[in-house]
Amino acid sequence: MAKLFLILFLISTFARVSPVRAETIARCGQGWLESIDGYAVLHLRGTPYEMGYQHGALMKEHCRSNVDYLIHRKGGELVEVGPLKLSPRAAIDGILAVQRRHVPAYFFEEMDGLAAGAGLDKNDIYAANFIPELFHCSGFAVMGSATRDGTLYHGRVLDYAIDWRLQEHAVLIVAEPEGGIPFVNVTYAGFIGSVTGMNAQHVAIGEMGGGGLGHWDGVPMAV
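Here this note's numbering runs 68 ahead of the position in the sequence shown, where the first position is 1.
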């Protein structure tokens, strides 16, 4: 089921007509990392902690490099967020303190597993996973008369600056959570939330920036 879902997703996403070239890179528990036509594809399976650990262990160098750059280098710089100039790390720590009570425990279990697998401080992993509360994207959905054949197309555009280097750690995650619905997540190493994804029941998600800057007392956007 999961393999069929992955193949269908890759076909619809990359519009490949040639045979798929796949190579298994490494394994950890029930998870494994492979390269499919040059794209990193990370398979995670199990409890939240187990999936997090697999993520951290199989993408260790990417997670460590990405989190170090985001949190310890870019996180201390002043950036413009709407009308404000702020330090992302300081702002995220404040946002996390407000939102933590709205986040299900299993998200923190998965982040704890990720930190353990990658050998990172769990507080740095928490901070890295709340970055999307500050910066948002754009997206689109078109269907009916807006498309040639009436097909529904749903897309999301990552509007982050390329100097944040997320593109260097891009990965497609295929997750099979224990007792949950399998899903795919277009993301980057070290991030467990989703701003672009689809589950096995064909529910797709994306996100767009809005007017909620500063209104953080609720469920995080990427949860």
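All residues carry an ideal CB built from backbone N, CA and C; glycine is no exception.
Task: Which of helix, strand or coil DSSP assigns to I79 - done: Caution is warranted here: a pLDDT of 48 is assigned to I79, below 50, making its placement in the model unreliable, and no coordinate value can be reported.
Task: CA-to-CA distance, Y221 to D189, given in whole angstroms - done: Distance between D189 and Y221, taken at the CA atoms: about 39 Å.
Task: Pair within 8 Å by beta-carbon distance, V239 and A257 - done: In this structure, A257 lies closer than 8 Å to V239 by Cβ.
Open item on the list: Taking 6 Å as the limit between beta carbons, can you name the residues of its chain near M276, skipping five residues before and five after?
Closed with: Apart from the 5 residues on each side of it in sequence, M276 sits with its Cβ closer than 6 Å to the Cβ of S206, G207 in its chain, given in chain order.
Task: 6 Å CB neighbourhood of A272 in its chain, flanking five on each side removed - done: Here the set comprises H222, M266.
Task: Nearest to K142 (by Cα), restricted to the options G124, Q98, W232, E246 - done: Looking at the Cα atoms, W232 is the closest of the given residues.
Open item on the list: Less than 8 Å between the beta carbons of Y117 and D192, yes or no?
Closed with: Y117 is not a Cβ neighbour of D192, given a cutoff of 8 Å.
TODO: Have a look at I79 and V88 and give me their C-alpha separation to the nearest angstrom.
DONE: Since pLDDT at I79 reaches only 48, below the 50 mark, its modelled position is unreliable, and the value read off the structure follows with that caveat. If I take the Cα positions, the gap works out to 9 Å.
Task: Continuous alpha helix (DSSP H) assignments of at least 4 residues falling wholly in the segment 180 to 247 - done: Counting only runs of 4 or more residues that sit fully inside the segment 180 to 247, the alpha helix (DSSP H) segments are 190 to 197, in chain order.
- [ ] Indicate the three-state DSSP secondary structure (helix, strand or coil) for R89 in the structure shown.
- [x] Three-state DSSP puts R89 in coil, outside helix and strand.
Open item on the list: For M266, list the residues DSSP reports as bridge partners.
Closed with: BP columns for M266 point to V252, A272.
Task: Close beta carbons around A214, own chain, < 8 Å, minus the five adjacent residues each side - done: Excluding positions up to five away in sequence, the list is empty.
TODO: Go to S133, then tell me how far its alpha helix (DSSP H) extends in each direction, as first and last residue.
DONE: Judged by DSSP secondary structure, S133 falls within the alpha helix (DSSP H) whose first and last residues are 128 to 135.
- [ ] Determine the DSSP secondary structure at I260, reduced to helix, strand or coil.
- [x] Of the three classes helix, strand and coil, the one that applies to I260 here is coil, per DSSP.
Task: R157 - containing alpha helix (DSSP H), residue span - done: Under the DSSP assignment, R157 falls in the alpha helix (DSSP H) whose first and last residues are 156 to 167.
Task: Own chain residues within Cβ distance below 7 Å of D285, not counting five before or after - done: V166.
- [ ] Can you tell me which of the three DSSP states E145 falls into?
- [x] DSSP, reduced to helix, strand and coil, places E145 outside both helices and strands of the structure shown, so it counts as coil.
Open item on the list: Looking at L182: is its Cβ nearer than 8 Å to the Cβ of G248?
Closed with: In this structure, L182 lies away from G248, with their beta-carbon atoms at least 8 Å apart.
Task: Limits of the beta strand (DSSP E) - the one that G114 falls within - done: Per DSSP, G114 is one residue of the beta strand (DSSP E) stretching across 107 to 114.
TODO: Can you have a look at I75 and say buried or exposed, based on whether 16 or more other CB atoms are within 10 angstroms of its CB?
DONE: Residue placement at I75 cannot be trusted, given a pLDDT of 47 that sits under 50; what the coordinates show is reported in the next sentence. Taking a 10 Å sphere around the C-beta of I75, we find fewer than 16 other C-beta atoms and assign the residue as exposed.
Open item on the list: Using the three-state DSSP reduction, which class does L152 fall into: helix, strand or coil?
Closed with: The DSSP-derived three-state label of L152 is strand.
- [ ] Grab me the residues of V254's own chain with a C-beta within less than 7 Å of its C-beta, minus the 5 sequence neighbours each way, in chain order.
- [x] Shown here for V254: same chain residues with a beta carbon closer than 7 Å to its own, the five before and five after excluded, namely L240, T264, G265 in chain order.
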